[in-house]
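Protein chains in written order, with this note's numbering: chain S, 1 to 228; chain P, 1 to 216.
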Amino acid sequence: MLTTQEWEAVLLSVKVASVAVLVNLPLAIILGYFLTQWKSSSKWILETLINIPLVLPPVVTGYLLLFLLGSNGPLGNVLENILGFRIIFTWQGAALAGAVVSFPLMVRAIRLSFQGVDSKLEEAARSLGRGPIATFGYVSLPLAFRGVLAGSVLGFARALGEFGATIMVAGNIPGVTQTIPLAVFSLVQSPSGVNRSTRLVLISLILAGVMLAVSEALERREERRELS
Amino acid sequence: MNYLSFKACHRYSTGFQLDLFFESDKLVTALCGPSGSGKTTILEMIAGLKQPQSGQIKVIEKTLLDTKQGIQVSAESRRIGFVFQDRRLFPHLNVLGNLRFGRRRREEQKDVISLDHLIEILDLTHLLKRYPENLSGGEQQRVALGRALLTHPELLLLDEPMVALDESLGNQIGEYITCVIEEWKIPALIVSHTSNLLTQLASRTILIQNGQVSSS
Numbered sequence: 001m002l003t004t005q006e007w008e009a010v011l012l013s014v015k016v017a018s019v020a021v022l023v024n025l026p027l028a029i030i031l032g033y034f035l036t037q038w039k040s041s042s043k044w045i046l047e048t049l050i051n052i053p054l055v056l057p058p059v060v061t062g063y064l065l066l067f068l069l070g071s072n073g074p075l076g077n078v079l080e081n082i083l084g085f086r087i088i089f090t091w092q093g094a095a096l097a098g099a100v101v102s103f104p105l106m107v108r109a110i111r112l113s114f115q116g117v118d119s120k121l122e123e124a125a126r127s128l129g130r131g132p133i134a135t136f137g138y139v140s141l142p143l144a145f146r147g148v149l150a151g152s153v154l155g156f157a158r159a160l161g162e163f164g165a166t167i168m169v170a171g172n173i174p175g176v177t178q179t180i181p182l183a184v185f186s187l188v189q190s191p192s193g194v195n196r197s198t199r200l201v202l203i204s205l206i207l208a209g210v211m212l213a214v215s216e217a218l219e220r221r222e223e224r225r226e227l228s
Numbered sequence: 001m002n003y004l005s006f007k008a009c010h011r012y013s014t015g016f017q018l019d020l021f022f023e024s025d026k027l028v029t030a031l032c033g034p035s036g037s038g039k040t041t042i043l044e045m046i047a048g049l050k051q052p053q054s055g056q057i058k059v060i061e062k063t064l065l066d067t068k069q070g071i072q073v074s075a076e077s078r079r080i081g082f083v084f085q086d087r088r089l090f091p092h093l094n095v096l097g098n099l100r101f102g103r104r105r106r107e108e109q110k111d112v113i114s115l116d117h118l119i120e121i122l123d124l125t126h127l128l129k130r131y132p133e134n135l136s137g138g139e140q141q142r143v144a145l146g147r148a149l150l151t152h153p154e155l156l157l158l159d160e161p162m163v164a165l166d167e168s169l170g171n172q173i174g175e176y177i178t179c180v181i182e183e184w185k186i187p188a189l190i191v192s193h194t195s196n197l198l199t200q201l202a203s204r205t206i207l208i209q210n211g212q213v214s215s216s
């Protein structure tokens, strides 16, 4: 059975990753759709900006977040003085770190699914009296739904595994900000920790495997539907 | 009164040029010509899905496009019922969902064409819960026709409505189309690359060749 610390790490990880995905989802859908519709040569600038967290070392992403959100940071200052809320060293901070690193993956998967939507169907919707927003809501989004779901699962898995950015922004406080990867890290550093961390490592493996399988299955069904 | 007046000029990067003018005061007009002559493009321009570089399009004396005056009514505000050659039924909606798709926004207007009556005329009662992938070509064509009609169009565009259907099925679709046009007196422009039942139905035929009107 799992110890209290392990249970806390698992539940916290699920909470942090779920919030990260939910926070990302609206903007990821809007950007994913926008990138398929926007035909401009300067599109690469936006794409590069979105993808930066994908190639940046997570610790550096964490450092930048810390700089922005720390008590003296431009955003952190506003948050603390106006809302009285300090995000550093909280689970919300961990969720934000997870959201930032998983965002590019989500946008990528969602954008691909919008690209798979037949633009002729969108034209048909327009000719049937639906404006651009209704066409998006009644045709494009439902047809890309599986891809949006696959992107969310992928983003969830990525946020679940985040270490570098999380430890920078939220620290490693058991029961507060200690997610599975951080708990494994702490356990390994203690005497006979390699053995004691086995259970969490197994849980990570299972979670990651399940997520990837679900995401793949969703994308395969999407491809099959397009082929048929 | 002219039901339709169309004038457009568009030069493509491939060298193909569409440059034509025609008008029609007949309820049913046929647009004929070999494939690649620009017939579908004309329909797409009337529906507002493509814009010519210059031109003027009027449906029932209402200007939908006038490049000189800078008038351009969006596709969704044009009230053109387009029955596409490839039907374009929404795969995530069943037949009833497809039929209702264009109807919602027009509900404030008096339902001249009622859903129930249309379902009966097009013989769709037993298909309402089915999804497009489980329909035959002829059934899909009837749903596409019904969906376009339920927007209460001022002009119906039919792009090769009998293509990819065998002769008897094609004739059957032709009869359905004749029936709805006569029932609701909706002006229609029918595109066909061969003369068939529908062009016989038309009281005016316009022949298009290489992007130009060759006879009318």
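Just so it is clear, CB atoms sit at the ideal spot from N, CA and C, and this is done for glycine as well.
Simplified DSSP state of residue i, which is helix, strand or coil
i      : result
F16/P  : coil
T36/S  : helix
D118/S : coil
A134/S : helix
A30/P  : strand
G185/S : A small fix is needed here, since residue 185/S is Phe in this sequence, not Gly. F185/S falls in the helix class under three-state DSSP.
E80/S  : helix
S113/S : helix
F156/S : helix
T205/P : strand
F103/S : helix
A124/S : helix
E44/P  : helix
W7/S   : helix
V14/S  : helix
Q92/S  : helix
K43/S  : helix
9 angstroms Cβ cut-off: residues of chain S touching residue i
i      : result
T151/P : S127, L128, G129
F84/P  : K120, E123, A124, S127
Per-residue burial, residue i [other beta carbons within 10 Å of its own, 16 or more giving buried]
i      : result
N98/P  : buried
Y176/P : buried
G175/S : exposed
R221/S : exposed
S214/P : exposed
H10/P  : buried
A28/S  : buried
A217/S : exposed
N24/S  : buried
G273/S : Residue 273/S falls outside the range modelled here, since chain S spans only 1 to 228, and no answer is possible.
A213/S : exposed
S140/S : buried
L2/S   : exposed
L65/P  : buried
P34/P  : exposed
T205/P : buried
I42/P  : buried
E120/P : exposed
Q189/S : exposed
Q117/P : First, the residue type needs correcting, since residue 117/P is His and not Gln in the sequence shown. Counting Cβ neighbours within 10 Å, H117/P comes out exposed, since fewer than 16 surround it.
D123/P : exposed
C-beta neighbour in chain P for residue i, strict 8 angstroms
i      : result
P26/S  : no
K120/S : yes
Chain S contact residues for residue i, given Cβ-Cβ distances below 7 angstroms
i      : result
F6/P   : Within 7 angstroms Cβ-Cβ: nothing; F6/P doesn't reach chain S, min ~17 angstroms.
H92/P  : P142, L143
L158/P : Going along chain S, no residue has its Cβ under 7 angstroms from L158/P, so there is no contact; the nearest lies around 13 angstroms.
Within chain P, the residues that residue i reaches when beta carbons sit closer than 8 angstroms
i      : result
V117/S : None at all; the shortest Cβ gap to chain P is about 10 angstroms.
Any chain S beta carbon closer than 8 angstroms to residue i
i      : result
H10/P  : no
R130/P : no
F16/P  : no
F101/P : yes
L49/P  : yes
A75/P  : yes
S214/P : no
Listed by chain order, chain S residues near residue i by CB distance under 8 angstroms
i      : result
R147/P : L128
I80/P  : S127
Chain-ordered neighbours of residue i on chain P, where CB pairs are closer than 7 angstroms
i      : result
V139/S : F90
The region 120 to 140 of chain S contacting the region 65 to 80 of chain P, beta-carbon criterion three pairs below 8 angstroms:
Flag = yes, the region 120 to 140 of chain S and the region 65 to 80 of chain P touch.
Below 8 angstroms, can you find three or more Cβ-Cβ pairs linking the region 160 to 169 of chain P to the region 5 to 19 of chain P?
no
Contact between the region 196 to 215 of chain S and the region 110 to 129 of chain S (3+ Cβ pairs under 8 angstroms):
no
Does the region 88 to 102 of chain S come within contact of the region 62 to 71 of chain S, defined as at least 3 CB pairs closer than 8 angstroms?
yes
Three or more C-beta pairs under 8 angstroms: does that hold for the region 167 to 181 of chain S against the region 1 to 16 of chain S?
yes
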